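What follows is a single structure, written as structure tokens, with notes after it.
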Ligand code: BG6
């Protein structure tokens, strides 16, 4: 067999963003309040708060201005084009289109903003990859029906989808119905992923949880996702839909069979369950026992199951930042993660935010998911959150270059293994607000934005060393690393 296959021609190279983390303009042109707009800033040690009443005198809310992509999109897209992007991942902020989520008519001004963004992308032949839901649930739906805990949300979401699909049927082909849908298998998913606010919740990291409501909400999203796929294809059969899984790859800490079994169970629940529903169109066999064990009981109708079966996605996408170990020994050293932590792997280094860096784990993961699903794959998030500093007016982010480079090398290995990998959109195209901590100074971008954790700064954009490096990488289709 011929070794050293290259990245295929037409491979998607780009970057990822999310509306709530970059747009700002939180109350401009008719936009409503989203669940992200009521989250204060925090740090790794000091968790973000969820404040049902916005109090700007007392708290700083990073999404309100973010990096003001709303007014800088032309400049930002031009910079992405300069790097050679042929794809740009973004989300559409639901509350720009339906401020409270339940209106019958969309907000034209919100749609016009995305018309302009798509026109700008087209100017540079950049394909948009649109996440329909990325932590942007209308806050009003929390008050009205506790977010996705209610079945009503499915219809509100589909109204939103219908407007998008009809308006953008000729400009957007690739859609992701829900970002990291599997986060609802953990309690940190309650707020960002479903707008559920259980009484007593104050801090993002200490949400009051009711697993039954949480899994019911996830079920509603599965049905909504499948209906969106069917609706979308009826409007434009060329549309391609993808799942988006927060893949926190797990290894047993030791070869103790207890660790191995625990790891398998953890992998099934955190990583595989949502993909199995969205890609295979089934509720997998192992969920029955998990639901019984955790006292989770809600009705899944035959109609729901039939919808889930029909509305499967076309491609698999996932975020990959780290791997974790699983141990049956409760006293083992721990590390954190986007939403799910684990035991410390003695062979890996971790970032300042305690996320373990594991490029080879990406190859392992790509093989793991391709073996399971056999559909085309995109890595729709991957990147290094780090503090960047100026030196002689420049940002020498060799650590970021190193991180991305090592992951690209492993993607190439996976392509050689036979995996059908079609795209890579690292997080993030440009510095933006961190979800877990609300910080600006946990930076991921190839483009630096002058703004600090307290909201001070000129918002001026600067090209980091990684900008030039990624440009070279894209120009050579992943050969010149
Ligand atoms: C993913 C999210 O979980 O991780 C992004 O989809 C997020 O929205 C990214 O920004 C990085 O996490 P954080 O907390 O460092 O911003």
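In this note's numbering, the protein residues as written are 807 to 1287.
Idealized CB from N, CA, C, for every residue including glycine.
Source: prediction; values computed, not measured.
If you check the C-beta of residue 1202 against ligand 1, you find no heavy atom less than 8 Å away.
The three-state reading of DSSP puts residue 911 in coil, since its state is none of H, G, I, E or B.
The beta carbon of residue 1243 sits closer than 8 Å to at least one heavy atom of ligand 1. The Cβ atoms of residue 1148 and residue 1140 lie closer than 9 Å to each other.
Here residue 1013 really is in contact with residue 996; their C-beta atoms are around 5 Å apart, less than 8 Å. A distance criterion of 8 Å places the beta-carbon of residue 1052 in contact range of ligand 1, judged by its closest non-hydrogen atom. Secondary structure of residue 1206 (DSSP, three-state): helix.
Under the criterion of beta carbons closer than 8 Å, residue 823 and residue 1236 qualify as touching, at roughly 7 Å.
Taking the Cα positions, residue 1193 is about 45 Å away from residue 1103.
Inter-segment contact for the segment 1032 to 1043 and the segment 1128 to 1135 is absent: fewer than three beta-carbon pairs are separated by less than 8 Å. Distances from the alpha-carbon of residue 859 to those of 1214, 852 and 841 put 841 closest. For residue 1135, the closest of 1064, 1201 and 1117 by C-alpha to C-alpha distance is 1064. The beta strand (DSSP E) runs of length 3 or more contained entirely in the segment 1158 to 1201 are, from start to end of the chain, 1183 to 1187. When C-beta atoms of the segment 914 to 921 are compared with those of the segment 821 to 839, three or more pairs fall below 8 Å, so the two segments count as touching. For residue 1220, the closest C-alpha among the options 1245, 1166 and 1005 is that of 1166.
Straight-line spacing of the CA atoms in residue 871 and residue 1227 works out to 35 Å. Assignment of residue 1078 by DSSP, reduced to helix, strand and coil, places it in the helix class. Our two residues, residue 1256 and residue 1249, have alpha carbons roughly 11 Å apart in a direct line. The three-state reading of DSSP puts residue 1067 in helix, counting H, G and I together.
Spanning the alpha carbons of residue 1008 and residue 857 requires a straight line of approximately 7 Å. Secondary structure remark: continuous alpha helix (DSSP H) runs of at least 4 residues inside the segment 944 to 981, in chain order: 945 to 951 and 958 to 973.
Classified as buried, residue 1216 has 16 or more neighbouring CB atoms from the shown chains inside 10 Å of its CB. Closest by C-alpha distance to residue 1045, out of 990, 1093 and 981, is 981. Judged by the Cβ position, residue 941 qualifies as a neighbour of ligand 1 at the 8 Å threshold, a heavy atom of the ligand being closer than this. The DSSP-derived three-state label of residue 814 is coil. Ranked by how close their Cα comes to the Cα of residue 1081, the residues 1120, 1095, 1283 and 1108 have 1120 in first place.
Its chain contains 989 and 990 as the residues whose beta carbon lies nearer than 6 Å to that of residue 999, once the 5 sequence neighbours on both sides are disregarded; these appear in chain order. Between residue 893 and residue 933 the beta-carbon gap is near 5 Å, inside 8 Å, which marks them as a contact. Counting other Cβ atoms within 10 Å of its Cβ, residue 1245 reaches 16 or more and is therefore classed as buried. Pairing residue 1099 with residue 1202, the inter-Cα distance amounts to about 51 Å. Our two residues, residue 869 and residue 843, have alpha carbons roughly 6 Å apart in a direct line. Around the Cβ of residue 1061, a 10 Å sphere holds fewer than 16 other Cβ atoms; the residue is exposed. Within 10 angstroms of the beta-carbon of residue 1258 lie fewer than 16 other beta-carbons, which makes it exposed. The continuous stretches of beta strand (DSSP E) do not include residue 1033, which lies in the alpha helix (DSSP H) extending over residues 1017 to 1041.
If you draw a straight line from the Cα of residue 945 to the Cα of residue 1107, it is about 28 Å long. In the three-state DSSP reduction, residue 893 falls in the strand class (E or B).
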